[in-house]
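Everything below concerns the one structure shown next.
There are 4 protein chains.
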Amino acid sequence: MKKHVGVGIIGCGYWGPNLVRNFARQDQGSVVAVCDAQLERAERAGAGTGAELITTDSSRLIARPDVDLVVVATPSRTHYRLAREAIAAGKHVLIMKPMTTRVDEAEELVTLAQANGVLLAVDHTFVYTGAVRKMRSMVESGELGDIYYLDSVRINLGLFQSDVNVIWDLAPHDISIIDYVLGGRIPDEVSAIGAAHAGSRHENIAYVTMKYGPNVLAHVHVNWLAPAKVRRTIVGGSRKMLIYDDVQPSEKLLVYDRGVTIAPWEDPEAVYSSQMVSYRSGDMHAPRLDDREALSVEADELIAAILYGGSVAADGASGLRAVRILDAAERSVRDGGRPVMLLTPEQVTAAIPIVPADPVDRVARLNART
Amino acid sequence: MKKHVGVGIIGCGYWGPNLVRNFARQDQGSVVAVCDAQLERAERAGAGTGAELITTDSSRLIARPDVDLVVVATPSRTHYRLAREAIAAGKHVLIMKPMTTRVDEAEELVTLAQANGVLLAVDHTFVYTGAVRKMRSMVESGELGDIYYLDSVRINLGLFQSDVNVIWDLAPHDISIIDYVLGGRIPDEVSAIGAAHAGSRHENIAYVTMKYGPNVLAHVHVNWLAPAKVRRTIVGGSRKMLIYDDVQPSEKLLVYDRGVTIAPWEDPEAVYSSQMVSYRSGDMHAPRLDDREALSVEADELIAAILYGGSVAADGASGLRAVRILDAAERSVRDGGRPVMLLTPEQVTAAIPIVPADPVDRVARLNART
Amino acid sequence: MKKHVGVGIIGCGYWGPNLVRNFARQDQGSVVAVCDAQLERAERAGAGTGAELITTDSSRLIARPDVDLVVVATPSRTHYRLAREAIAAGKHVLIMKPMTTRVDEAEELVTLAQANGVLLAVDHTFVYTGAVRKMRSMVESGELGDIYYLDSVRINLGLFQSDVNVIWDLAPHDISIIDYVLGGRIPDEVSAIGAAHAGSRHENIAYVTMKYGPNVLAHVHVNWLAPAKVRRTIVGGSRKMLIYDDVQPSEKLLVYDRGVTIAPWEDPEAVYSSQMVSYRSGDMHAPRLDDREALSVEADELIAAILYGGSVAADGASGLRAVRILDAAERSVRDGGRPVMLLTPEQVTAAIPIVPADPVDRVARLNART
Amino acid sequence: MKKHVGVGIIGCGYWGPNLVRNFARQDQGSVVAVCDAQLERAERAGAGTGAELITTDSSRLIARPDVDLVVVATPSRTHYRLAREAIAAGKHVLIMKPMTTRVDEAEELVTLAQANGVLLAVDHTFVYTGAVRKMRSMVESGELGDIYYLDSVRINLGLFQSDVNVIWDLAPHDISIIDYVLGGRIPDEVSAIGAAHAGSRHENIAYVTMKYGPNVLAHVHVNWLAPAKVRRTIVGGSRKMLIYDDVQPSEKLLVYDRGVTIAPWEDPEAVYSSQMVSYRSGDMHAPRLDDREALSVEADELIAAILYGGSVAADGASGLRAVRILDAAERSVRDGGRPVMLLTPEQVTAAIPIVPADPVDRVARLNART
């Protein structure tokens with residue numbers, strides 16, 4: 009039985025070389041092919057990996073029998089085309105965020121991957137960090153209580169992108185963190201407001217709000233034109249609250265045993281008095297976090313899912329959920345900030361039935377190929 | 009000619025005693041009467057001021073001939089009634105924020121004050137701080153260039169109010185700062201989203217967005233249920249950017265010589281390339297600020313305006329502008345976040361002609377009375 | 009049986025009014041007399057306290073029968089004379105830090121207080137804070153393990169004193185914190201280096217080191233001429249370490265579950281290899297602290313000690329220990345930084361036998377007087 | 009004329025690979041040989057550099073004619089032997105800090121390098137950073153005024169070294185920064201106190217004080233056993249003060265326009281009154297810094313000095329000055345903290361005449377060799 013995954017990587021710009029490096033050091037995986045539109049970038053990224061193919065031709069990479077997993081690290085607008093080709097060729101696929109630039113494309117990839125029994129994963133890097141994993145486990149275990157809100161700020165004097173706005177560039181990070189922490193819960197509606205400055209055609213500042221039922225909010229502030237770097241997510245719960253500050257070199261996650269309780273009152277017409285409000289202000293705590301590099305954890309998890317049939321923290325379904333939210337945010341910006349309703353899971357399922365892929369199939373396929 | 013202002017203060021809860029203290033130390037003003045629904049609170053606040061009247065009866069205070077200025081420091085819902093009574097009695101009035109809880113009430117007070125030739129001021133405390141004054145002067149002088157956005161965060165584990173939501177409680181600070189820094193510019197539309205938690209009937213978290221023309225945004229995050237205290241306003245301009253962090257004990261205002269310029273391109277269909285974007289990252293600078301207590305500056309300025317006919321940084325018109333924005337935000341929250349258009353200045357003026365009060369009249373009135 | 013302590017306060021400069029305020033709000037104590045060389049300062053401080061005597065004559069205050077406790081809040085050089093007079097008159101005494109400016113004076117006060125059966129306390133304010141009390145309890149309980157070092161920094165652009173150097177002005181805070189946390193342990197030797205700048209005759213920067221046995225160090229950096237304010241004490245222990253940062257508005261005390269263990273080696277000639285060193289890097293924790301004002305806790309404790317015979321956190325013996333260290337530091341500075349040995353407790357006791365005062369005596373005296 | 013420097017690097021542990029990388033990307037230099045006691049470490053470091061010799065034999069590296077510059081990146085105790093061998097072979101030498109572990113060895117290397125007309129440089133990395141260069145230029149230009157003190161803290165939970173104490177491991181950074189900022193000024197005396205914990209034989213915490221004349225102090229706190237990382241140098245001057253905080257991701261250098269002036273007084277017996285002290289508290293400023301990697305600047309400068317005869321920021325003389333101070337600090341620790349006098353420059357020169365090397369000679373030698 010084959011216990012090895014051959015990895016082919018397309019796209020060696022900013023992020024691709026990090027992927028190459030992390031797949032190259034896998035015990036049960038290796039980089040067998042590297043592709044970039046500029047050959048010298050592919051050569052530089054592939055140096056020392058033992059890759060047999062260094063090419064500018066993505067189709068040659070996809071077609072190789074020794075490539076089991078295709079990593080798509082090209083500009084967003086090419087994700088759909090390359091991933092579709094790879095899935096059609098029976099390859100497992102890892103796509104950078106955002107998975108696609110259109111909802112229908114994302115839906116098609118998810119459906120195709122199911123039909124072909126391959127694994128579709130998305131590089132939502134942060135869901136592989138120790139901090140975000142700890143956040144999710146604290147929500148799941150009930151330690152935070154009911155979740156009231158998530159507030160995420162991701163701003164700095166950043167790289168202006170020429171082909172997308174700041175929502176599609178930065179908000180995928182926050183949206184994927186929120187999606188993961190809330191266990192894939194889908195918001196009822198999304199609204200967003202943005203503005204373009206400094207001669208750009210694309211919004212460089214935006215605020216995105218997601219509503220989950222009547223009283224749970226998630227809010228994201230993304231900004232390429234801020235004087236200082238902020239990377240901070242606050243989560244408010246009924247029992248505890250936390251601040252995840254990714255700019256800190258250590259103690260990135262602070263958990264506060266704080267909150268408020270308002271006693272219910274008998275006279276429904278009465279306003280409550282200050283006596284009915286009780287504040288709790290206990291200890292603060294910074295749990296020790298797994299400090300492995302996120303990409304390394306991601307590569308481990310992906311190789312294991314392919315070889316042994318496990319799941320990954322960010323699969324095609326989560327990629328699709330993020331694209332739906334990004335698309336709704338974009339439409340809300342175009343509509344002056346009016347909220348955009350999202351389809352419910354039931355409505356989505358009625359339209360495109362997302363059957364959980366059978367992991368055993370995936371493994372069988374891989375083995376059959378060898 | 010009288011060169012002295014008699015001050016009567018109504019309301020001695022949290023903020024009132026600070027007002028008493030700052031008016032008591034004026035050279036050209038003194039506290040002559042103090043009122044509170046609880047007599048002992050009035051007594052405690054008035055002790056050592058030489059006030060001749062300590063009372064629970066606000067009408068007695070307003071009726072006294074030696075009271076030239078009535079300070080209304082009671083809960084918001086009573087502001088309108090008390091201020092109207094004082095203005096009708098020919099008194100100058102200082103009202104705590106928010107000026108009123110309804111737009112029509114605020115309009116009536118502004119109109120009445122003009123008709124009676126008295127000064128109407130609002131306690132927008134922050135516009136009397138060294139930091140906010142410096143921010144305004146940097147905007148006015150063009151040092152920041154074109155203003156792109158203002159982003160204000162005011163969150164902590166705060167005092168839940170029983171009768172208003174967090175927008176009416178905290179956002180007046182941010183809205184008045186924005187109003188002052190932008191020189192009274194009125195937004196085209198306002199949208200807001202909020203949520204109520206912990207058993208409260210009122211929103212304890214809210215996001216308010218103001219749009220000024222197509223590409224200038226002001227955004228406010230207010231929150232009574234946050235694990236840590238943040239008081240931070242970022243202003244992005246085409247030439248410089250600044251961060252005002254009120255939690256810092258010193259260097260509250262940081263000015264960054266940073267920005268981005270995107271060269272215009274010839275082919276209108278082309279996306280810009282990264283070569284067309286130039287980043288500027290120069291010095292950071294924390295100007296020395298006037299560190300006098302804001303309330304002390306406010307009292308000085310108010311006394312001087314009454315005696316010598318000057319203006320105050322926060323007059324009735326700015327109070328009215330803030331109430332309009334708060335009201336629009338409230339309506340947007342009730343409407344699920346849909347943007348609410350604001351009347352233009354012209355539309356407002358057509359409805360209620362706001363004639364600038366003649367300061368000489370005010371002084372003459374005061375002198376005539378003595 | 010009298011259950012009330014009459015307090016007389018001498019000195020109404022910077023700190024005195026805070027003492028007046030905190031003793032005035034005691035249930036079982038009241039301010040009965042206030043003294044200052046400038047009558048108007050005494051009047052201002054005493055206003056509203058119900059004090060029957062406001063005077064410039066400290067002897068009149070000390071002589072009053074209704075004064076049970078004399079608070080000495082005058083410049084340091086006058087502490088000895090005033091405290092001696094009060095003790096001789098049978099009064100309990102609270103002296104500001106430093107207790108005296110000479111060791112022999114401090115010894116005499118301690119001896120006299122014992123002989124007269126009165127309580128002698130020193131205003132080492134920080135030992136009444138929640139943070140320092142927590143530090144002590146963590147040391148006492150063994151949670152920190154063996155104490156390795158204490159490092160304290162207290163610097164800012166401070167008030168240059170005209171009559172003492174920065175050691176006598178600021179270091180009493182750090183030395184009293186260290187003394188309290190270590191349970192009154194006496195260092196073997198003290199060394200100090202300082203420098204005088206800006207035209208001053210007195211050192212405005214100094215470093216004081218205390219050695220406790222061969223390998224426990226306490227180090228204090230005090231500085232009136234620093235660009236920013238730092239108030240930070242680090243304590244390193246074998247099991248945990250902590251940082252007490254008094255400038256933080258909250259989470260002043262951070263406890264780190266961190267450390268290093270080096271395995272003992274068999275070959276005594278060998279250097280250890282990196283394999284023998286194990287690092288531990290666990291959670292960080294900010295315990296909830298008692299946030300009452302330190303002076304309020306101090307006044308409570310002092311009144312209770314007088315009425316019911318308990319002890320206080322900073323008694324005359326701790327004041328004397330601090331003066332010994334300050335005096336040794338001063339001598340080391342004069343001697344170019346050479347270490348100065350301190351007398352051992354046994355040597356001290358041989359010279360001046362410090363018998364713990366009998367608290368029952370104190371109470372009996374107080375009761376007898378009434 | 010040869011315009012190229014062949015570099016041979018000995019030692020590929022923690023720091024060596026960084027040196028390899030930075031010399032490999034030089035236009036006028038290249039890595040021609042790499043050596044380490046473990047061959048695989050040398051191979052890994054040398055991969056991709058085009059080095060012709062990868063060896064475990066340092067003498068073979070030194071002997072190669074194509075090696076012009078030998079970089080000694082081995083443990084400290086081997087520096088002297090390797091550098092002496094390289095200098096004797098007519099090679100330029102760059103040694104990691106500390107240059108040697110004994111003063112006589114450092115003196116011999118300086119003397120030998122002069123005699124052989126080769127460049128001797130020391131890797132005092134920080135003197136090649138934008139922040140430290142800016143600090144020096146501010147001191148040289150007089151912008152800070154007279155220098156009063158330098159206070160440097162370098163602490164964290166660090167790598168316990170098996171063969172040296174924390175003074176020899178960390179303090180060379182601070183001492184070389186201080187030496188560079190003060191333009192090579194030599195302290196009159198050095199004192200130091202340290203302690204060893206956690207089973208170590210070597211001090212893991214130490215305080216080193218240098219005195220320059222009666223009232224200029226430099227103080228260094230180094231610590232391997234601290235709960236948090238601090239890298240901060242404060243410089244106090246008569247006109248301005250600055251804080252260099254190397255932990256900050258940006259704005260590492262803050263310059264404060266603050267200070268104190270005490271008016272001289274006529275009566276020499278009088279204490280000064282608070283009226284005689286004037287405080288200045290102006291703007292704070294964070295100048296834009298050169299943010300190139302320090303090692304890259306160092307490699308550039310070294311190559312240029314070899315080829316064109318310029319000087320380097322950290323030459324053998326500065327390495328020797330640092331070793332003198334480290335040695336004195338060590339002796340002071342052994343002597344219980346008693347101050348150790350340093351030789352004056354004149355005394356040093358009398359003993360070992362340090363003639364500035366003639367850079368033209370160096371270039372001539374290099375050229376002659378090709």
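Protein chains in written order, with my numbering: chain C, 9 to 378; chain Z, 9 to 378; chain B, 9 to 378; chain X, 9 to 378. Note that the Cβ used here is the ideal one computed from N, Cα and C, for glycine as well. All of these numbers come straight from a predicted model, not from anything done at the bench.
- Query: So what does DSSP say about residue 155 of chain X, is it helix, strand or coil?
  - Reply: Indexing the fourth sequence from 1 puts residue 155 of chain X at position 147. The answer is strand: DSSP assigns residue 155 of chain X an E or B state.
- Count the C-beta pairs between the segment 63 to 79 of chain B and the segment 283 to 301 of chain B that are closer than 8 angstroms, then say yes if the count reaches three, no if not. no
- Item | Closest by C-alpha distance to residue 164 of chain Z, when choosing among C/98, C/206 and C/288 | Within the second sequence, numbered from 1, the residue matching residue 164 of chain Z stands at position 156. Nearest of C/98, C/206 and C/288 to residue 164 of chain Z, Cα basis: C/288.
- Which residues of chain X have a Cβ atom closer than 8 angstroms to the Cβ of residue 151 of chain Z, listed in chain order? For the purposes of this step, residue 151 of chain Z is taken as residue 143 along the second sequence, with counting starting at 1. Near residue 151 of chain Z there are no residues of chain X at all, since even the closest Cβ is about 14 angstroms away, more than 8 angstroms.
- Message: Tell me the rounded alpha-carbon separation between residue 239 of chain Z and residue 93 of chain C.
- Response: In the second sequence, the residue the question calls residue 239 of chain Z occupies position 231. In the first sequence, the residue the question calls residue 93 of chain C occupies position 85. Answer to the nearest angstrom: the Cα atoms are 50 angstroms apart.
- Query: Three or more C-beta pairs closer than 8 angstroms, one from the segment 103 to 122 of chain C and one from the segment 326 to 334 of chain C: is that the case here?
  - Reply: Three or more Cβ pairs closer than 8 angstroms define a contact, and the segment 103 to 122 of chain C meets that threshold against the segment 326 to 334 of chain C.
- Proximity winner among B/208, B/250 and B/294, relative to residue 172 of chain B (alpha-carbon distances): Numbered from its first residue, the third sequence carries residue 172 of chain B at position 164. Of the listed residues, the one whose Cα sits closest to residue 172 of chain B is B/208.
- Task: Assign residue 355 of chain B to buried or exposed, taking buried as 16 or more other Cβ atoms, counted over all protein chains shown, within 10 Å of its Cβ.
- Result: In the third sequence, residue 355 of chain B corresponds to position 347, counting from 1. Flag for residue 355 of chain B reads exposed.
- Message: Along the segment 41 to 58 of chain C, where does the CB come closer than 9 angstroms to a CB of chain X? Name the residues.
- Response: 55 and 56
- For residue 290 of chain B, the nearest candidate out of C/258, C/160, C/306 and C/319 (CA to CA): On the third sequence, position 282 is the one that residue 290 of chain B refers to. Closest by C-alpha distance to residue 290 of chain B, out of C/258, C/160, C/306 and C/319, is C/258.
- Query: Using a C-beta to C-beta distance shorter than 7 angstroms, which residues of chain C count as neighbours of residue 68 of chain Z?
  - Reply: Reading the second sequence from its first residue, position 60 is the one you call residue 68 of chain Z. Here the premise fails: no neighbours, minimum Cβ distance about 28 angstroms.
- Item | residue 211 of chain Z classed as buried or exposed, judged by whether at least 16 other C-beta atoms fall within 10 angstroms | To locate residue 211 of chain Z, count along the second sequence from 1; it is residue 203. With 16 or more Cβ atoms within 10 Å of its Cβ, residue 211 of chain Z is classed as buried.
- Task: Rounded to whole angstroms, what's the CA-CA distance from residue 82 of chain X to residue 39 of chain X? Just pull it up for me.
- Result: Residue 82 of chain X sits at position 74 when you count from the first residue of the fourth sequence. Residue 39 of chain X sits at position 31 when you count from the first residue of the fourth sequence. So the two alpha carbons sit approximately 17 angstroms from each other.
- Message: According to DSSP, is residue 195 of chain Z part of a helix, a strand, or is it coil?
- Response: Here residue 195 of chain Z corresponds to residue number 187 of the second sequence, with the count starting at 1. Coil at residue 195 of chain Z, not helix or strand.
- Nearest residue (CA-CA) to residue 218 of chain X, options X/303, X/162 and X/199: Locating residue 218 of chain X in the fourth sequence gives position 210, where the first residue counts as 1. Taking only the C-alpha atoms, the option nearest residue 218 of chain X is X/199.
- Message: Between residue 295 of chain X and chain Z, is any beta-carbon pair separated by less than 8 angstroms?
- Response: Looking up residue 295 of chain X in the fourth sequence gives position 287. It does; some Cβ of chain Z falls within 8 angstroms.
- Do the CB positions of residue 179 of chain Z and residue 334 of chain Z come within less than 8 angstroms of each other? Residue mapping note: residue 179 of chain Z aligns to position 171 of the second sequence, counting from 1. Residue mapping note: residue 334 of chain Z aligns to position 326 of the second sequence, counting from 1. Yes. Within cutoff.
- Query: What residues from chain B crowd round residue 213 of chain X, counting only those whose CB sits closer than 9 angstroms?
  - Reply: For the purposes of this step, residue 213 of chain X is taken as the residue at position 205 of the fourth sequence. Going along chain B in sequence order, the residues near residue 213 of chain X (Cβ under 9 angstroms) are 156, 157, 159, 225, 227 and 244.
- Item | Nonlocal neighbours in the same chain, by C-beta distance under 7 angstroms from residue 48 of chain B, ignoring five residues either side | Here residue 48 of chain B refers to the residue found at position 40 when the third sequence is read from its first residue. There are no such residues.
- Message: Taking 8 angstroms as the threshold (beta carbon to beta carbon), is residue 183 of chain C in contact with chain Z?
- Response: Here residue 183 of chain C refers to the residue found at position 175 when the first sequence is read from its first residue. By this cut-off, residue 183 of chain C is not an interface position.
- Query: Does residue 276 of chain X come within less than 8 angstroms of chain Z when only Cβ atoms are used?
  - Reply: As a working note, residue 276 of chain X is residue 268 in the fourth sequence. Model confidence at residue 276 of chain X stands at a pLDDT of 49, short of 50, so the residue's coordinates are unreliable; what they give is reported in the following sentence. By this cut-off, residue 276 of chain X is not an interface position.
- Is residue 85 of chain X helix, strand or coil by DSSP? Sequence index remark: in the fourth sequence, residue 85 of chain X carries index 77 (1-based). Residue state for residue 85 of chain X is assigned as helix, using DSSP reduced to three classes.
- Query: In terms of residue numbering, what span does the beta strand (DSSP E) encompassing residue 63 of chain B cover?
  - Reply: Here residue 63 of chain B corresponds to residue number 55 of the third sequence, with the count starting at 1. Run containing residue 63 of chain B: 61 to 63, per the beta strand (DSSP E) assignment.
- Message: Whole angstroms are fine: how far does the CA of residue 264 of chain Z sit from the CA of residue 278 of chain C?
- Response: In the first sequence, the residue the question calls residue 278 of chain C occupies position 270. In the second sequence, the residue the question calls residue 264 of chain Z occupies position 256. Caution applies to residue 278 of chain C, whose pLDDT of 48 falls short of 50 and renders its modelled position unreliable; the value that the coordinates give is listed next. Taking the straight line from one Cα to the other gives about 50 angstroms.
- Query: Which class does residue 260 of chain C belong to by DSSP, given the choice of helix, strand or coil?
  - Reply: In the first sequence, residue 260 of chain C corresponds to position 252, counting from 1. Residue 260 of chain C falls in the coil class under three-state DSSP.
- Item | Alpha carbon of residue 183 of chain B to alpha carbon of residue 252 of chain X, nearest angstrom | Position 175 of the third sequence holds residue 183 of chain B. Position 244 of the fourth sequence holds residue 252 of chain X. As the crow flies, the alpha-carbon of residue 183 of chain B is around 28 angstroms from that of residue 252 of chain X.
- Query: Would the beta-carbon of residue 99 of chain C fall within 8 angstroms of that of residue 130 of chain C?
  - Reply: Numbered from 1 along the first sequence, position 91 holds the residue referred to as residue 99 of chain C. Numbered from 1 along the first sequence, position 122 holds the residue referred to as residue 130 of chain C. Against a cut-off of 8 angstroms, the Cβ pair of residue 130 of chain C and residue 99 of chain C comes out as no contact.
- Task: Would you mind listing the alpha helix (DSSP H) stretches within the segment 225 to 271 of chain C that are 4+ residues and don't spill past its ends, in chain order?
- Result: none
- Query: What residues match up with residue 217 of chain B in a beta bridge as DSSP calls it?
  - Reply: Position 209 of the third sequence, counted from the first residue, corresponds to residue 217 of chain B. For residue 217 of chain B, which the question treats as bridged, DSSP gives the partners B/199 and B/227.
- Query: Among the residues of its own chain, which have a CB less than 6 angstroms from the CB of residue 113 of chain C, if the five just before and after it don't count?
  - Reply: To locate residue 113 of chain C, count along the first sequence from 1; it is residue 105. Taken in chain order, the residues that qualify are 88.
- Message: Can you find the residues in the same chain that come closer than 8 angstroms, C-beta to C-beta, to residue 255 of chain C, ignoring five residues on each side of it along the sequence?
- Response: Counting from 1 along the first sequence, the entry for residue 255 of chain C is found at position 247. Taken in chain order, the residues that qualify are 237, 238, 239 and 240.
- Task: Out of B/351, B/90, B/323 and B/353, point me to the one whose CA is closest to residue 128 of chain B's CA.
- Result: As a first step, residue 128 of chain B is located in the third sequence; it is residue number 120 there, counting from the start. The shortest Cα separation from residue 128 of chain B among B/351, B/90, B/323 and B/353 belongs to B/323.
- Item | Same chain only: Cβ atoms within 8 angstroms of residue 339 of chain C, ignoring 5 sequence neighbours per side | Along the first sequence, one-based indexing puts residue 339 of chain C at 331. Around residue 339 of chain C: 348.
- Continuous beta strand (DSSP E) stretch holding residue 131 of chain X: start and end: The residue labelled residue 131 of chain X in the question sits at position 123 within the fourth sequence. Looking at the DSSP string, the run of the beta strand (DSSP E) that includes residue 131 of chain X is 128 to 131.
- Task: Spell out whether any CB of chain B is found under 8 angstroms from the CB atom of residue 145 of chain X.
- Result: Counting from 1 along the fourth sequence, the entry for residue 145 of chain X is found at position 137. Judged by the 8 angstroms Cβ criterion, residue 145 of chain X is not in contact with chain B.
- Query: For residue 262 of chain B versus residue 250 of chain B, is the C-beta distance shorter than 8 angstroms?
  - Reply: For this step, residue 262 of chain B is matched to residue 254 along the third sequence. For this step, residue 250 of chain B is matched to residue 242 along the third sequence. Yes, Cβ-Cβ distance for residue 262 of chain B and residue 250 of chain B is below 8 angstroms.
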